[in-house]
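FYI, the numbering for the sequence shown is 286 to 403, going by the working numbering. Below: one structure, written as structure tokens.
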Amino acid sequence: TPKALEMEQDDVIEVYQEQTGGGGIMFETLDESPEYTYDIQVVGAGNSRAWVTVLPGMEMRDVKNSFCKKVGVPPSVVKFSLYSYTRKKVLNDIKEDATPEMLGIGPDDVLKVSTLRF
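Here it is in structure tokens:
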């Protein structure tokens, strides 16, 4: 009881939810989630450029679908490569179920898109 805890009128009780199991990012408040949302540059043929918004835990499949919807290309003909200028690293054959967090992708990195040939 508040009396047993020697609480006074203006005392505050803080409640936290503990996350157990699973991965992903958990936010204390909804205001914190935009800090982890960013736009990443996608460079295509002829140095064409588009920007795609990346959300926490978003799979690369969803990043690809977002890009394809934006430029009007079917996802089945598109392949992404990652060029990380900050880490001076190139990553080809990005798995569609990978997340930007798993790949270490940040807002300064660039995805290069190429089309598959039949």
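For glycine and all other residues, C-beta sits at the position ideal for the given N, C-alpha and C. Here the structure is a predicted model, which is why all the values come from computation and not from measurement.
query, result
"Under a three-way DSSP split, which group does L340 fall into?", "coil"
"Skipping 5 residues on each side, what residues in its chain have a beta carbon closer than 6 Å to that of T371?", "D393"
"Among S399, C353, I390, which residue has its Cα nearest to the Cα of I325?", "I390"
"Looking at the ligand COA, does it come within less than 7 Å of N377, judged from the CB to the closest heavy atom?", "Of the ligands one can find in the structure shown there are none, so the ligand COA has no counterpart to examine."
"Let me know the secondary structure DSSP gives R372 once reduced to three states.", "coil"
"Where does the unbroken alpha helix (DSSP H) through D347 begin, and where does it stop?", "345-356"
"Count the other CB atoms, across all protein chains shown, that sit within 10 Å of the CB of M345; report buried if there are 16 or more and exposed otherwise.", "buried"
"Exposed or buried, V375, counting other C-beta atoms within 10 Å across all chains shown (16 or more means buried)?", "exposed"
"Under DSSP, the beta strand (DSSP E) around I325 begins and ends at which residues?", "323-328"
"Quick check on DSSP: helix, strand or coil for S399?", "strand"
"Within a Cβ cutoff of 8 Å, which residues of the same chain sit near M343, ignoring the five residues on either side of it in sequence?", "T384, P385"
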